[in-house]
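Below you'll find the structure, written out as structure tokens, and then a few comments.
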Amino acid sequence: MSPSKCLSLAIVACAMPLLASAQQASQEFQISNIEFALQESPNFSVSGYNKKVRKATPWLEVEVTFDWTPRLAEPKYLDDLVINYYILLSNKTKDFPQGALLVGTVNHVSVTQGKDLRSVAYVSPRTLEKMFDGKLPVNVGQTVAGVGVTLTSGGNVVAERSTSGRGQWWTTYQPTQGLVLNKMETPFAPIAWDYYEPVKSRSAGQ
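Here this note's numbering is used: the first residue of the sequence shown is 8, the next is one more, and so on.
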């Protein structure tokens, strides 16, 4: 057998365990649903604080439901699950002729094994106002053209889903970073604490 053929077989042999590991990881994860809605800023009543807003403004909320069901009982918790959000707005303007693609990540820690786990991301009212030339859209149908989501664990994409189109259509758009917020960066932080998986803080390396 020639040296070059031996080298090729060695490369294939090394790659097979990596491929099997990636396939096994992808079978453990599944995105079952993506929902988006406009949610008004929550209004908290605080004793001794007299500042009030005249009208609550809508945030864009994108919620992802997913499963993590590994074959083994250990580990019980996962500390490196990243949810990547690709939010295509319906704001076809001079600056965004195809609509603005807002891209952001939410880094989850202590994710437990199970089904119907949830992650959420937000776009602020001021960002929506800016993207829609100063006029907030009246409903979510006028706000969002489509949402794509991928799950990344150990540096590998283990699941993906989209509300429209096929494949990773978001790769054909110019991304706008820094405008997608995790729950802890919004006034929704203290609400529904146990409903979503825990979020790693930005200061901890997200």
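A virtual CB, placed ideally from N, CA and C, is assigned to each residue, including glycine. From a predicted model like this one, the values you see are computed outputs, not experimental measurements.
Cβ-based burial, residue i [other Cβ within 10 Å; buried from 16]
i           : result
residue 83  : exposed
residue 131 : buried
residue 65  : buried
residue 38  : buried
residue 80  : exposed
residue 144 : buried
residue 3   : In this structure the chain extends from 8 to 213, so residue 3 is not present and cannot be described.
residue 166 : buried
residue 43  : buried
residue 30  : The pLDDT assigned to residue 30 is 47, lower than 50, so where the model puts this residue is not dependable; a value taken from the coordinates is nonetheless given after this. So residue 30 counts as exposed.
residue 189 : buried
residue 52  : exposed
For residue i, the residue or residues it bridges with in DSSP
i           : result
residue 129 : 68, 188
residue 74  : 37
residue 159 : 89, 164
residue 94  : 109, 154
residue 47  : 65
residue 148 : Residue 148 pairs with nothing; no bridge assigned.
residue 202 : None, per the DSSP bridge assignment.
residue 182 : 108
residue 169 : 155
residue 121 : 75
residue 84  : 119
Whole-Å CB distance - residue i paired with residue j, under 8 Å assumed
i           : j           : result
residue 110 : residue 184 : 6 Å
residue 73  : residue 135 : Incorrect: roughly 26 Å between the Cβ atoms, too far for contact.
residue 41  : residue 170 : 5 Å
residue 121 : residue 176 : Contact doesn't hold; Cβ gap of about 30 Å is too wide.
residue 45  : residue 147 : 5 Å
Best match in the options for proximity to residue i [C-alpha to C-alpha]
i           : options            : result
residue 168 : 59, 156, 108       : 156
residue 192 : 207, 161, 179, 182 : 207
residue 107 : 139, 86, 87        : 139
residue 187 : 142, 178, 70, 198  : 70
residue 99  : 180, 35, 158       : 180
residue 49  : 56, 62, 103        : 62
residue 87  : 174, 159, 175      : 159
residue 68  : 78, 47, 55         : 47
residue 36  : 85, 174, 101, 198  : 85
residue 34  : 59, 102, 78        : 78
residue 182 : 57, 103, 59        : 103
CB contact below 9 Å: residue i versus chain C
i           : result
residue 163 : Protein chain content of the structure displayed is limited to a single chain, and chain C is not contained in it.
Would you be able to state if there are at least three C-beta pairs under 8 Å between the segment 105-119 and the segment 194-207? yes
Stretch pair the segment 90-99 + the segment 144-164: three plus CB contacts closer than 8 Å: Result yes; three or more Cβ-Cβ pairs closer than 8 Å.
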